[in-house]
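Scroll down for the structure; my scribbles are underneath it.
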Amino acid sequence: MAMAATSDLVSDHGLRTDLCLEVFPSECDAENTGILAPIARRRRFANWQMASSALLLVAAVVAVIVATMTTSQSAMKDDVLDDPLAAPRALTGADDNPFRGQVFYVNPSYKASLSKSIGDAEGTVQKTLQDMMDVPSAYWLDSRGKIKGTDTDSMEGIMADAAKKSRPELVTFIVYDLPNRDCHAKASNGELCCTYKADGRCDYADPGDGTCAAGLKQYMQEYIDQIAEVLKSYGGTVPVVLVIEPDSLPNLSTNAGDPRCGNAATKSAYKKGVSYAVQTLAAADPKAAIYLDAGHGGWLGWPNNMADYVQTIKSLDVADHLRGFASNVAGYQPLGSICPTYDYCLNGAHPEHACCADPCGLLSKWDPAQNELNYALHLRKAMSEGIPGFEPHMIIDTGRNGVADMRADCANWCNIRGAGVGLVPTTATAKEDLLDAYYWLKTPGESDGCTEMLPDGSKCPRFDADCGSPDSLGSKSGEPRAPEAGQWFDYQIKQLAQNARMQ
1 MAMAATSDLV SDHGLRTDLC LEVFPSECDA ENTGILAPIA RRRRFANWQM
51 ASSALLLVAA VVAVIVATMT TSQSAMKDDV LDDPLAAPRA LTGADDNPFR
101 GQVFYVNPSY KASLSKSIGD AEGTVQKTLQ DMMDVPSAYW LDSRGKIKGT
151 DTDSMEGIMA DAAKKSRPEL VTFIVYDLPN RDCHAKASNG ELCCTYKADG
201 RCDYADPGDG TCAAGLKQYM QEYIDQIAEV LKSYGGTVPV VLVIEPDSLP
251 NLSTNAGDPR CGNAATKSAY KKGVSYAVQT LAAADPKAAI YLDAGHGGWL
301 GWPNNMADYV QTIKSLDVAD HLRGFASNVA GYQPLGSICP TYDYCLNGAH
351 PEHACCADPC GLLSKWDPAQ NELNYALHLR KAMSEGIPGF EPHMIIDTGR
401 NGVADMRADC ANWCNIRGAG VGLVPTTATA KEDLLDAYYW LKTPGESDGC
451 TEMLPDGSKC PRFDADCGSP DSLGSKSGEP RAPEAGQWFD YQIKQLAQNA
501 RMQ
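The opening residue of the sequence shown carries number 1 in UniProt numbering; numbering runs sequentially from there.
See below:
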């Protein structure tokens, strides 16, 4: 995403100010940024525009220097960087693939978790787990407590660690803390709510006045604004990729019949929350690449679902701030092979072609997106037609889709038995003008959700029936129980390593 001119940035702030004023007219810092200002201490940026102009001048000078250096280095090529640990090439413009040429950050905290599982592993599993120690993955900001801090279990600590490298490494964060989060399931219900029950959990049945004003206030002030503050403190010196709110907008598009998703409060929380997040974070770091979650082909691939999703995105008016979309986040959908067109396999056409392989049987149900590569084609076409001038790029989560046909029912999504880690993060994709990267967005080894009984024998308060499906680890006699979502699941990571398809 190219750095905007000062007038464009002011326009961005105006959009966010309108949204903030709409929700909190007495508490919004409308004078400058539009970011929700704490009542006790409002942050002011009186010299912001002057500083922006100076930064733009410096950026222009640096651009000339970089261009000269790049020209002189004839051996340096603009092809993809297959090995994320190899020496990076010079940075390209922000409109280029944000992953290309970067060294991807590997979190020491993830390596520590893997080390625990390596200790009692054997043979091929142990070797694969050791190989995974050097594979980058995203970090999930799934609570307010993961933003500030000094260690690599926090966004702030990760940014500091990445900035210390001889050249700052690219970090990828999943922004995931909307009020009434995970409305169509229970395994990942969050800490912020539109209305709270007595025990502190979200009361989805009570939409209140339908605005989710209290929940949005917490989300904007205590979560998004804090992320923005960390981004600003690095001034774009650390390359950042942000994936915004998995499952949220797809749920609004397809699960409005579920009162937990379709009530006015949840709709308000998701639409206003996502809009505020995108605009605020884009303004905090104009160099950051922002991708909205787009479910997966087995969810939004049907034409009606896709049309609803396109309209949802269009209504938010945030396309100008997006690099594109992320698909299969925390999913198991097969990557597959790419077809000449997204609908190449419909009506039984070309059954002999590898791109028409259909392990989930979606083509027979009139879903043309039977793999994630064809889904990417479908999404790009639908978005460019629905939002003129918008040509989104995509990233695909390959953290756990190394095995294509391990489920009895592809609707099952929780701790799937037989799954394996997929392709390691790379920009060497099947269609580089569309697909920026394959990346491990869901951290392999972290649970999707708990079994009815936790490993310690207590009852899980966030048990979702889908985590007891016949395809889910822990549902068979003799299998260990699964921990809560996001917690380390030793049994699962060893299975993912056993079935790995990393190349």
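Heads up, the beta-carbon is just placed ideally off N, CA and C, and yes, glycines get one too.
All values reported here derive from a predicted model rather than from experimental measurement.
Taking C-beta to C-beta, are residue i and residue j nearer than 8 Å?
i, j, result
"Ala138", "Trp413", "no"
"Gly301", "Ala369", "yes"
"Val238", "Val171", "yes"
"Tyr204", "Asn180", "yes"
"Pro470", "Ala408", "yes"
"Phe173", "Leu242", "yes"
"Ala277", "Ile224", "yes"
"Leu322", "Ser275", "no"
"Leu129", "Asp177", "no"
"Pro396", "Tyr438", "Note on residue identity: the sequence assigns Ile, not Pro, to residue 396. Result yes, Cβ atoms of Ile396 and Tyr438 sit closer than 8 Å."
"Gly210", "Ala121", "no"
"Arg501", "Gly386", "no"
"Tyr344", "Cys355", "yes"
"Thr398", "Leu335", "yes"
Quick check: what's the CA-CA separation for residue i versus residue j?
i, j, result
"Asp161", "Thr152", "7 Å"
"Glu372", "Gly123", "32 Å"
"Arg417", "Glu156", "35 Å"
"Gly215", "Gln503", "43 Å"
"Pro136", "Val424", "8 Å"
"Gln333", "Cys467", "17 Å"
"Asn263", "Pro207", "6 Å"
"Met159", "Val310", "33 Å"
"Gln279", "Glu245", "14 Å"
"Gly420", "Leu454", "23 Å"
"Arg167", "Val240", "13 Å"
"Ile118", "Leu249", "38 Å"
"Ala87", "Arg100", "Residue placement at Ala87 is flagged as unreliable, the pLDDT there being 34, under the threshold of 50; the coordinate-derived value follows with that caveat. If I take the Cα positions, the gap works out to 12 Å."
"Lys271", "Val125", "43 Å"
"Ala198", "Arg462", "16 Å"
"Glu222", "Ala112", "29 Å"
"Trp366", "Thr341", "15 Å"
"Met306", "Ala404", "23 Å"
"Leu379", "Glu169", "30 Å"
"Glu484", "Ser472", "14 Å"
"Gly298", "Leu362", "7 Å"
"Leu377", "Ala284", "31 Å"
"Glu452", "Asp358", "32 Å"
"Ile313", "Asn189", "23 Å"
Under 8 Å by Cβ, that's how I've got residue i and residue j pegged, so tell me the actual separation to the nearest angstrom.
i, j, result
"Ser327", "Tyr375", "6 Å"
"Val106", "Asp134", "6 Å"
"Leu252", "Arg400", "Rounded, the Cβ-Cβ distance is 25 Å, inconsistent with contact."
"Asn415", "Ala465", "About 13 Å separates the two Cβ atoms, so there is no contact after all."
"Cys193", "Cys183", "Not a contact, Cβ separation roughly 11 Å."
"Gly389", "Asn499", "Contact doesn't hold; Cβ gap of about 42 Å is too wide."
"Thr443", "Tyr110", "6 Å"
"Gly236", "Lys287", "4 Å"
"Glu191", "Ser143", "6 Å"
"residue 580", "Ala163", "There is simply no residue 580 to check, as the chain begins at 1 and stops at 503 in what is shown."
Determine, for residue i, whether the minimum Cβ-Cβ distance to residues of chain D falls below 8 Å.
i, result
"Ser458", "Among the chains of the structure shown, chain D does not appear; only one protein chain is present."
Does the ligand ADP have even one heavy atom less than 7 Å from the beta-carbon of residue i?
i, result
"Val103", "Among the components modelled here there is no ligand, and therefore nothing to report on the ligand ADP."
- Do the segment 463-480 and the segment 420-438 make contact, defined as three or more Cβ pairs closer than 8 Å? no
- Query: Are the segment 255-265 and the segment 287-299 touching by the rule of at least three beta carbon pairs closer than 8 Å?
  - Reply: no
- Would you call the segment 483-500 and the segment 442-459 touching, i.e. three or more CB-CB distances under 8 Å? yes
- Item | Entirely enclosed beta strand (DSSP E) segments - the segment 190-230, minimum 3 residues | none
- Task: Evaluate the contact criterion for the segment 227-242 versus the segment 140-154: three or more CB pairs, one atom per stretch, below 8 Å.
- Result: yes
- Message: Which runs of the beta strand (DSSP E) at least 3 residues long sit entirely within the segment 408-493? Give them in chain order.
- Response: 435-439
- Task: Identify every run of the alpha helix (DSSP H) within the segment 111-151, keeping only runs that are complete inside it and at least 4 residues long; order them along the chain.
- Result: 123-132
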